[in-house]
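First up is the structure itself, then whatever we jot down about it.
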């Protein structure tokens, strides 16, 4: 059942460079979309993981698809899927990138991204958290791709961002907006310093040419088996340039008890990317040992979410806060 929520526009991705273009071009349409998102806010039922924030309609889980391959046609939808949080790339992948960018002590000495992933997996599993991710009905068994834009493209997006001062400026302004500031210039001096350190760490890791070696296909295939396949979502793709992506906005959720039911929204003819900031911040709190590390990882989560958004979304996609 829907629950009470406030949905408020805070920014637009002014320098988005992807091909996922929002149909929202005026205030009336923005109000309509905010109301649609608001009507699809529901209580989280699975609280120890986060699926990807991809807005395409979830058809089923891998567990269901393996048992009944007809779901891969895209013509059936399992309406009883559990509702979890959303982090781009899924829980463990998103947490690992955030930890690396924040230069947390627990991953600092890991030589490769996969080593850092394994470290984070061990930490999160010890806390009772589970991994999660997605593929699509068209890429369920594809040996070359999964159609998760974050897992397959974040390293490239990160490189493009830190090498382009103008684009980096837009990213930092948007991160500030997600935290209630008018722009990066009006952010607190401490937060500006942390973001500067995050950018410096990104550049250093990118200079290690073999560091970002995440294998999205191997991760997908492991999730087909792990947890009985229940934590690998199968999203509906299409044979077009946008692979079924028709998201109109990015929704950022700040309440741990609720989130946007993206499947329900997509079935109504609207799609929205979702970044569950409250879950990201809770994860940061669980993994860090100081106030400074905690805040830095929070900002790293925000930073990575905006970086991938600028890569995937076309210019001007609106960002709204869900509280």
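In the working numbering, the protein residues as written are 5 to 327.
C-beta atoms are modelled at their ideal positions from N, C-alpha and C, and glycine is treated no differently.
- Closest by C-alpha distance to residue 171, out of 312, 6, 280, 237, is 312.
- Between residue 318 and residue 25, the CB-CB gap stays under 8 angstroms.
- Nearest C-alpha to residue 226 among 191, 250, 135: 135.
- DSSP places residue 309 outside any beta strand (DSSP E); the residue lies instead in the alpha helix (DSSP H), whose first and last residues are 295 to 316.
- In the three-state DSSP reduction, residue 274 falls in the coil class, being neither helix nor strand.
- The stretch 204 to 277 is shown to contain whole alpha helix (DSSP H) runs of 4 or more residues at 220 to 229, 266 to 271, in chain order.
- Bridge pairing for residue 124: absent [DSSP].
- If you compare the alpha carbons of 249, 37, 296, 138 with that of residue 64, the shortest gap goes to 138.
- Counting only residues of its own chain and dropping the five nearest sequence neighbours on each side, residue 181 has a CB closer than 6 angstroms to the CB of 14, 15.
- Of the residues assessed, residue 160 falls on the exposed side of the cut-off, its CB having fewer than 16 other CB atoms within 10 angstroms.
- Here residue 153 has 316 as same chain residues with Cβ atoms under 6 angstroms from its own Cβ, once five neighbours each way along the sequence are excluded.
- For residue 261, the CB contacts under 7 angstroms within the same chain, skipping 5 residues up- and downstream, are 47, 48 in chain order.
- CA-CA distance, residue 119 to residue 128, rounds to 14 angstroms.
- Distances from the CA of residue 173 to each of 20, 57, 66 were compared; the closest alpha carbon is that of 20.
- Residue environment: residue 275 is assigned as buried (16 or more neighbouring CB atoms within 10 Å of its CB, all protein chains considered).
- Between the alpha carbons of residue 221 and residue 150 lies a distance of about 6 angstroms.
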